[in-house]
Structure formats: C-alpha cells, structure tokens
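So for the sequence shown, UniProt numbering puts the first residue at 1; every next one is plus one.
Where a beta carbon is used, it is the ideal one built from N, C-alpha and C, also for glycine.
All values derive from a computational prediction rather than experimental measurement.
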Amino acid sequence: KIPFKDFFEIAKKLLGSQDPITQAVRAFKLFDADYSGKISFQELRQATREIGENLSDEELHVMIDEFDREMDRNICLEEFLSILEQ
Numbered sequence: 001k002i003p004f005k006d007f008f009e010i011a012k013k014l015l016g017s018q019d020p021i022t023q024a025v026r027a028f029k030l031f032d033a034d035y036s037g038k039i040s041f042q043e044l045r046q047a048t049r050e051i052g053e054n055l056s057d058e059e060l061h062v063m064i065d066e067f068d069r070e071m072d073r074n075i076c077l078e079e080f081l082s083i084l085e086q
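(1) Spatial neighbours of T48 within its chain, please: CB distance less than 6 Å, with the 5 preceding and 5 following residues excluded, ordered by chain position.
(2) Are F28 and F80 close, meaning C-beta to C-beta below 8 Å?
(3) Q46 to A24, Cα distance in whole Å?
(4) For my contact list, I39 and D32 are in at a C-beta cut-off of 8 Å; report their separation, rounded to the angstrom.
(5) Given that a residue counts as buried once 16 or more other Cβ atoms are within 10 Å of its Cβ, and exposed if not, what is M63?
(6) Less than 7 Å between C-beta atoms, sequence neighbours within five positions excluded: which residues of the same chain meet that for C76?
(7) Which of the three DSSP states, helix, strand or coil, is assigned to I21?
(8) Whose C-beta lies closer than 8 Å to the C-beta of D68 among residues of the same chain, with five residues either side of it excluded?
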C-alpha cells in the first residue's frame, strides 16, 4: 500500500523542481484527465499505473475515501492540497 503523500512525491519527481503549490496544481491537472476539476477513481488508477504503481482497486478506494471531504467519491483540488498539508 502506498500512502497518498508518497504517491505525490513520485509525481513531484515527474514534474521537476518548482514551488510545492505549483507542483501540486500541476500534479492535480495531470491526474484530472477529463478536466472536470476532480480526480476520479478511474483517473487515479490510470495515473498510478502510468508511473508503475500497480495498486489494487481497494487501495485506491481507500486513498480516495481518506481525503474525500465532499463525500462524492472524487478528490477536488482543495482536498488534494489538504493532503499535502498533513
């Protein structure tokens, strides 16, 4: 199981060196493939697979549920940024 913060660290490596907020927003936009303003389960699964992290569906659901304050089964930018503040 990979904690979401560790997943974000992987994303940061892909994005290069920028300030943390800029990196977070860019990472969010990379994960948000349909530009809906939210990262869905499917988008999170695709992003993790593209970087070689083959997490189970259960692990991905746990990641989303842990930070989904709106209870809509997605992660919005605000929720994504709050992950990094923890």
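Concretely, from the data shown:
(1) Residue 48 sits at position 48 when you count from the first residue of the sequence shown. The residues are L55.
(2) Looking up residue 28 in the sequence shown gives position 28. Looking up residue 80 in the sequence shown gives position 80. Their beta carbons are under 8 Å apart, which means F28 touches F80 by this criterion.
(3) Indexing the sequence shown from 1 puts residue 46 at position 46. Indexing the sequence shown from 1 puts residue 24 at position 24. Their Cα atoms are separated by approximately 18 Å.
(4) Along the sequence shown, read from residue 1 onward, the residue named residue 39 stands at position 39. Along the sequence shown, read from residue 1 onward, the residue named residue 32 stands at position 32. Their Cβ separation, rounded to whole angstroms, is 5 Å, which keeps I39 and D32 in contact under 8 Å.
(5) Reading the sequence shown from its first residue, position 63 is the one you call residue 63. Burial call: buried.
(6) Here residue 76 corresponds to residue number 76 of the sequence shown, with the count starting at 1. Excluding sequence neighbours, C76 sits near G37, K38 and E70.
(7) In the sequence shown, counting from the first residue as 1, residue 21 sits at position 21. I21 falls in the helix class under three-state DSSP.
(8) Residue 68 sits at position 68 when you count from the first residue of the sequence shown. N74, I75 and E79, listed in sequence order.
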